[in-house]
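Residue numbers (my numbering): 1 to 775.
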């Protein structure tokens with residue numbers, strides 16, 4: 001073969017084949033070589049970066065014109081039968097390689113279109129088999145949709161792809177706009193938060209500065225008050241000392257006057273004596289010889305002494321120092337005393353009354369301390385407890401403890417009494433009785449307890465001022481234990497006991513010990529605390545020995561109403577500058593105890609006291625009296641009489657979650673009771689006025705209280721609040737509302753204005769057109 005033949009290659013007739021036949025051959029070759037290779041289709045792209053480029057002609061067969069710029073150069077072969085004037089040329093089969101480069105965005109879009117076409121092909125639209133390599137291989141060029149054909153499935157897939165791409169693009173634009181708006185809003189909010197934090201920091205600094213200034217002023221005021229109190233105490237001690245000296249001087253003068261009076265009476269009642277016989281006076285100068293002898297120093301003692309001769313059977317007359325030769329001037333009697341200065345007796349005598357009868361009525365000076373203790377001992381040992389006619393020691397001689405039956409109670413008392421000192425016999429005897437009392441409670445020997453109560457009451461009456469401070473430690477605990485004997489069973493039958501679940505059960509008489517009277521125990525406690533009111537140390541010591549659970553138990557509605565009233569009166573004495581109630585060890589326990597107390601007292605304004613089994617129910621007047629006592633305690637806590645400006649108690653009431661709401665509910669209930677025109681209507685009206693003053697005063701003193709949230713914690717609280725304020729604000733003081741004070745009406749008006757909006761206020765004015773007060 002020559003060189004020309006070597007350079008010439010024959011196509012074996014491929015040039016004469018039509019383009020469609022060549023394409024079919026290419027597809028058949030591909031199917032025969034790679035029919036067994038299953039290549040997974042690419043997942044649809046989530047977000048194509050940009051839409052594929054479009055072609056100038058959507059249907060070349062219809063227009064007959066072709067835009068060669070939008071067709072790949074390898075397809076411009078001048079084909080005219082199916083593709084117009086395109087010069088397609090030779091369609092050589094190409095071998096696609098799966099290992100070339102990464103898939104371009106356009107190839108991904110074509111793959112997405114192919115998947116849509118395949119899905120439609122599985123349906124009712126026929127699609128001509130195409131080489132999948134033209135759509136899945138990343139390295140080959142894609143075929144123009146005009147070359148592929150005008151099949152409906154591919155066109156629909158392409159249109160769907162374009163719509164999805166446009167929709168994704170629009171959604172991306174919206175997302176970017178929303179992101180920009182969110183960033184702007186976040187920056188705005190960040191700025192606002194920074195401003196708020198700055199303002200909050202300034203407010204905190206101002207608050208700290210004000211609190212520091214307030215603390216400093218309070219400390220200065222407290223120091224000043226402490227100095228004034230010390231000065232007053234010093235002055236009181238000086239006055240007491242001066243008063244004691246004056247009393248002693250007065251007592252001395254009274255004794256001296258009594259002595260003079262006794263001597264005067266003795267002289268007046270002296271037996272008659274023989275009158276003197278007139279003597280012959282030698283000088284006849286008009287003077288008595290006795291007077292001359294008494295004043296003349298020239299007379300000798302022997303010469304001037306003249307005595308009456310002694311006659312048998314006659315009484316010798318002696319010269320008495322109490323002879324009536326002394327002068328009495330200005331109705332005052334003076335006794336010469338060598339040890340006194342002339343001015344001392346005259347100054348003290350100015351304090352005495354010239355009337356002898358008034359001097360006789362004056363009390364004698366107190367005997368020495370030993371004599372008082374001895375006198376107390378005699379009275380104590382001779383004491384009898386009614387209705388016993390025997391002495392207490394004789395009654396104790398018939399009693400023994402179950403744990404020691406061979407030893408009488410009287411023997412224990414005498415043995416302990418023999419060890420006592422005479423410093424304060426009443427206090428020592430009270431300690432002995434309290435030990436016996438405590439042992440009787442432990443061994444449940446309740447028979448002598450009424451006698452022990454009478455003895456302690458008797459000892460308090462002997463010397464309360466000096467005995468009460470020493471009797472607090474032994475007597476106060478045993479009195480509380482005596483109250484627990486019947487108080488605990490009654491509390492377990494109350495609605496607040498966990499086993500009753502709100503049910504009211506009367507306490508059976510079989511569970512009560514009638515020998516132990518809780519009312520008498522509370523009376524003794526109240527009497528003891530009354531003796532400590534002017535002794536600050538003793539009063540504080542008393543409330544340290546009171547148990548907080550005892551107070552809360554005795555304020556329960558199942559206790560006798562008299563016990564509840566005595567407990568309320570007892571609590572009034574516990575109000576201090578910075579606390580009230582029993583004194584606890586820590587500040588947290590003290591605050592919790594104070595909240596329990598105000599909560600329990602507020603419940604008494606709406607609860608009904610329960611009687612024991614077999615007793616008659618309390619009258620409405622007794623219940624109103626108890627509620628008045630409870631309200632008096634709350635008023636004293638909120639506005640202490642000794643220091644009205646103290647805000648500790650009112651702060652406890654204001655910060656409590658439900659007390660204010662319960663006070664308003666009680667006001668509503670009392671006003672409802674007033675409308676029924678009961679016999680005790682005056683007490684209901686006074687309760688309404690006092691409740692309004694308490695609520696209004698606390699709200700004015702603590703303006704930051706959120707009353708609406710507190711009302712929501714009580715059933716019907718908000719509705720009753722509006723109803724009672726409306727009734728009081730538009731009260732005209734007629735028959736049913738008689739007793740409601742004008743001040744109460746004004747307070748209700750002011751609180752109602754703060755509680756309703758303008759529209760509600762106008763509605764109320766329309767509902768009450770005849771109201772005289774419109775402010």
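Idealized CB from N, CA, C, for every residue including glycine.
**Asked** To which residues of the same chain is residue 656 closer than 7 Å at the C-beta, ignoring the five residues directly before and after it?
**Response** 595, 598, 599
**Asked** Would DSSP call residue 505 helix, strand or coil?
**Response** coil
**Prompt:** Considering only residues of the same chain and omitting the five flanking positions on each side of residue 399, which have a CB-CB separation below 6 Å?
**Reply:** 409, 448
**Message:** Judging by CA-CA distance, which residue of 544, 672, 496, 483 is the nearest neighbour of residue 603?
**Reply:** 496
**Prompt:** Looking at C-beta atoms only, is the number of pairs between the stretch 520-530 and the stretch 632-639 that lie closer than 8 Å three or more?
**Reply:** no
**Asked** Taking Cβ positions, are residue 721 and residue 736 nearer each other than 9 Å?
**Response** 9 Å or more divides the Cβ of residue 721 from the Cβ of residue 736.
**Prompt:** In this structure, what does DSSP give as the bridge partners for residue 400?
**Reply:** 408
**Prompt:** I think residue 724 touches residue 664, with their Cβ atoms under 8 Å apart; what is that distance to the nearest whole Å?
**Reply:** 7 Å
**Message:** Rounded to whole angstroms, what is the Cα-Cα separation between residue 731 and residue 745?
**Reply:** 7 Å
**Request:** For residue 701, name the three-state secondary structure that DSSP assigns.
**Result:** Three-state DSSP puts residue 701 in a helix.
**Asked** Is DSSP giving residue 197 helix, strand or coil here?
**Response** helix
**Request:** Measure from the alpha carbon of residue 584 to the alpha carbon of each residue in 607, 616, 556, 549, then state which is nearest.
**Result:** 549
**Request:** Have a look at residue 407 and residue 416 and give me their C-alpha separation to the nearest angstrom.
**Result:** Rounded to the nearest angstrom, the two C-alpha atoms are 14 Å apart.
**Message:** Can you give me the C-alpha to C-alpha distance between residue 667 and residue 692, rounded to a whole angstrom?
**Reply:** 8 Å
**Asked** Going along the chain, which residues of its own chain have a beta-carbon closer than 7 Å to the beta-carbon of residue 627, five neighbours each way excluded?
**Response** 604, 605, 687
**Prompt:** What separation, rounded to the nearest whole angstrom, lies between the Cα atoms of residue 742 and residue 670?
**Reply:** 17 Å
**Request:** Would you check if the stretch 645-656 and the stretch 570-579 touch, i.e. whether three or more CB-CB distances between them fall below 8 Å?
**Result:** yes
**Message:** So residue 475 and residue 456 are supposed to be a Cβ contact under 8 Å. How far apart are they, rounded?
**Reply:** 6 Å
**Request:** Decide yes or no for the touch test of the stretch 547-563 against the stretch 479-498: beta carbon pairs closer than 8 Å, at least 3 of them.
**Result:** yes
**Prompt:** DSSP puts residue 391 in a beta bridge; with which residues?
**Reply:** 384
**Asked** From residue 778 to residue 242, what does the alpha carbon distance come to, in whole angstroms?
**Response** A query on residue 778 cannot be resolved here, the shown segment of the chain reaching from 1 to 775 and no further.
**Check whether residue 614 and residue 509 have beta carbons under 9 Å apart** = yes
**Request:** Under 8 Å by Cβ, that's how I've got residue 519 and residue 566 pegged, so tell me the actual separation to the nearest angstrom.
**Result:** 7 Å
**Asked** Given that a residue counts as buried once 16 or more other Cβ atoms are within 10 Å of its Cβ, and exposed if not, what is residue 376?
**Response** buried
**Request:** Could you tell me if residue 757 is buried or exposed, where buried requires 16 or more neighbouring beta carbons within 10 angstroms of its beta carbon?
**Result:** By the C-beta density criterion, residue 757 is exposed, having fewer than 16 other C-beta atoms within 10 angstroms.
**Request:** Can you give me the Cβ contacts of residue 478 inside the same chain, cut-off strictly under 6 Å, excluding the 5 residues immediately before and after it?
**Result:** 434, 437, 438
**Request:** Return the CA-CA distance between residue 206 and residue 701, expressed in angstroms with no decimal places.
**Result:** 21 Å
**Message:** Judging by CA-CA distance, which residue of 443, 733, 660 is the nearest neighbour of residue 714?
**Reply:** 660
**Asked** Going by other Cβ atoms of all chains shown within 10 Å of its Cβ, with 16 needed for buried, is residue 504 buried or exposed?
**Response** exposed
**Prompt:** Can you name, in chain order, every residue of its own chain whose Cβ lies under 8 Å from the Cβ of residue 469, other than the five neighbours on each side?
**Reply:** 532, 535, 537, 538, 541
**Message:** Can you check which of these residues, 473, 499, 513, is closest to residue 525 by C-alpha distance?
**Reply:** 473
**Request:** Check whether the Cβ atoms of residue 452 and residue 440 lie closer than 9 Å to each other.
**Result:** Yes, these two residues count as a Cβ contact at 9 Å.
**Item:** Minimum C-alpha distance to residue 733 - residue among 421, 608, 674
**Value:** 674
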